[in-house]
Amino acid sequence: MTKFLAPYKEYGYTALRIAAGLLFVCHGAQKLFGVLAGHTELHDPLGLTAGIIEFFAGGLIALGLMASWAAFLASGEMAVAYFKAHASRGFWPIVNRGELAVLYCFVFLYIAFHGSGSISLDRLLKREPK
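Letter by letter, the sequence shown follows residues 283 to 412 of the working numbering.
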């Protein structure tokens with residue numbers, strides 16, 4: 283299967299980067315604008331900070347613009363979110379409802395290591411080597 287999919291791996295990576303980034307933007311939009319069945323967290327400094335990171339880092343990740351830096355920041359935010367909001371409710375993420383935070387954390391860590399990729403604004407602007 284790997285050999286069959288090898289010619290398309292950059293498309294697969296780009297799809298992962300865009301999907302994760304856009305979903306993260308949605309979480310930020312909930313916190314900042316109260317849309318998408320969310321409520322604003324402008325009154326809470328941590329909620330406001332999380333909303334800003336999620337909205338803007340998610341956008342940069344989706345666009346492939348400084349994606350390594352944005353993803354590293356987003357990964358750290360998700361690690362903090364997991365330990366602040368979920369870990370106290372039990373050890374296993376599936377039990378403490380923190381599986382999404384853990385998944386985002388590791389997906390963004392992977393993107394931080396991989397970079398924007400060949401289908402990205404960084405490549406278009408010639409900011410990332412081939």
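Built from N, CA and C at the ideal position, the CB exists for glycine as well.
Quick caveat: nothing in here was measured; it's all calculated off a predicted structure.
Nearest to F390 by alpha carbon, out of A367, E359 and S400? E359
So, is A319 buried or exposed, given that buried needs 16 or more other C-beta atoms within 10 angstroms? exposed
Check for me: the alpha helix (DSSP H) holding R371 runs from which residue to which? Here R371 belongs to no alpha helix (DSSP H), and DSSP marks it neither H nor E.
Can you tell which of Y364, S357, H368 and A344 has its C-alpha closest to the C-alpha of L403? Looking at the Cα atoms, A344 is the closest of the given residues.
Got a sec? Which residues, its chain only, sit under 6 Å from A363 by beta carbon, not counting five neighbours each side? A383
Could you give the distance in angstroms between the alpha-carbon of G346 and the alpha-carbon of F306? 14 Å
Would you mind working out which of G380, L287, A311 and M348 sits nearest L406, comparing C-alpha positions? Ranking G380, L287, A311 and M348 by Cα distance to L406 puts M348 first.
Contact check, T296 vs G399 under 8 Å by CB: the rounded distance? 6 Å
Using 10 angstroms around the beta-carbon of E336, count the other beta-carbons present and answer buried if the total reaches 16, otherwise exposed. buried
Whether A394 touches A353 by CB criterion (8 Å): yes
Is S400 helix, strand or coil when you go by DSSP? coil
Alpha helix (DSSP H) containing I343: first to last residue? G340 to L345
Counting C-beta neighbours from all protein chains within 10 Å, is the total for A288 16 or more, i.e. buried, or is it exposed? exposed
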